[in-house]
Amino acid sequence: MRILYCVFLGLMLFAASCGGDQDKEIEEVLALRTKAFETKDTDLYMTLIAPDYKQEKKGKTIGPAEVKKNFEVNVKLFDTLRITNADRTIYQDGDRAEVYQKTLVDAQDDEGRSRLRLKEKLLLARENGKWVIVRESDEDLFYGYVFGRNKH
485 MRILYCVFLG
495 LMLFAASCGG
505 DQDKEIEEVL
515 ALRTKAFETK
525 DTDLYMTLIA
535 PDYKQEKKGK
545 TIGPAEVKKN
555 FEVNVKLFDT
565 LRITNADRTI
575 YQDGDRAEVY
585 QKTLVDAQDD
595 EGRSRLRLKE
605 KLLLARENGK
615 WVIVRESDED
625 LFYGYVFGRN
635 KH
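If you count by the working numbering, then the sequence shown holds residues 485 to 636, one letter each, in order.
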């Protein structure tokens with residue numbers, strides 16, 4: 485009985501460690517996403533976006549070119565950006581993952597500082613051996629800032 489318990493425990497630890505490696509890779513992508521926003525690094529950001537990215541948003545199909553344009557327009561609005569994520573949950577099923585997180589954006593421009601709070605859901609997929617974003621957050625990180633500095 486003790487041997488059976490040890491085998492079961494060993495298999496559970498192995499299974500947990502395998503999922504942990506996948507989660508670490510996903511966490512790295514999310515950390516690079518944050519870094520790209522904070523440093524306004526379009527090239528870095530685009531390495532995280534799936535080459536065949538397609539998202540329906542407000543009746544319009546968004547592809548990689550539009551994602552790049554939106555990123556550049558949004559980050560240029562600010563002198564500095566600081567992004568903090570909390571309560572992150574990753575649900576991974578094979579080569580697909582859903583990420584839920586709370587995001588706090590501290591932004592500063594020549595008019596002052598703003599703080600935006602939002603809840604994000606991102607979808608990632610493992611393509612050609614690496615995790616990439618296949619659907620960005622439906623939340624517009626800067627909607628509240630651009631339209632009347634409303635705080636989320």
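Even for Gly, the Cβ is constructed at its ideal location relative to N, Cα and C.
These numbers were taken from a predicted model, which means no experiment stands behind them.
The beta strand (DSSP E) enclosing residue i, as first and last residue numbers
i      : result
Ser598 : 596–611
Bridge partner(s) assigned by DSSP for residue i
i      : result
Asp577 : Arg580
Asp593 : Gly596
Ile637 : A question about residue 637 goes unanswered here, because the residues of the chain that appear run from 485 up to 636.
Lys508 : Partner(s): none; Lys508 has no beta bridge.
Val616 : Ala609
CB-CB length for residue i against residue j, believed under 8 Å
i      : j      : result
Val583 : Ile533 : Rounded, the Cβ-Cβ distance is 15 Å, inconsistent with contact.
Asn569 : Thr526 : Incorrect: roughly 21 Å between the Cβ atoms, too far for contact.
Thr573 : Gln592 : That belief does not hold up - the Cβ atoms of Thr573 and Gln592 are roughly 29 Å apart, past 8 Å.
Gln539 : Glu595 : About 31 Å separates the two Cβ atoms, so there is no contact after all.
Buried versus exposed, by CB contacts within 10 Å (16 or more), residue i
i      : result
Asn558 : buried
Cys502 : Any answer about Cys502 is weak, because its pLDDT of 44 lies below 50 and its placement is not dependable; what the coordinates show is given next. Per the 10 Å Cβ criterion, exposed.
Ala515 : exposed
Tyr575 : exposed
Leu561 : exposed
Ala549 : exposed
Ile587 : Reading the sequence as shown, one finds Thr at residue 587 and not Ile. Result: buried.
For the stretch 512–564, which segments carrying the beta strand (DSSP E) assignment without a break, of at least 3 residues, lie completely within its bounds, in sequence order? Scanning the stretch 512–564 from its first residue to its last, the whole beta strand (DSSP E) runs of 3-plus residues come out as 539–541, 544–546.
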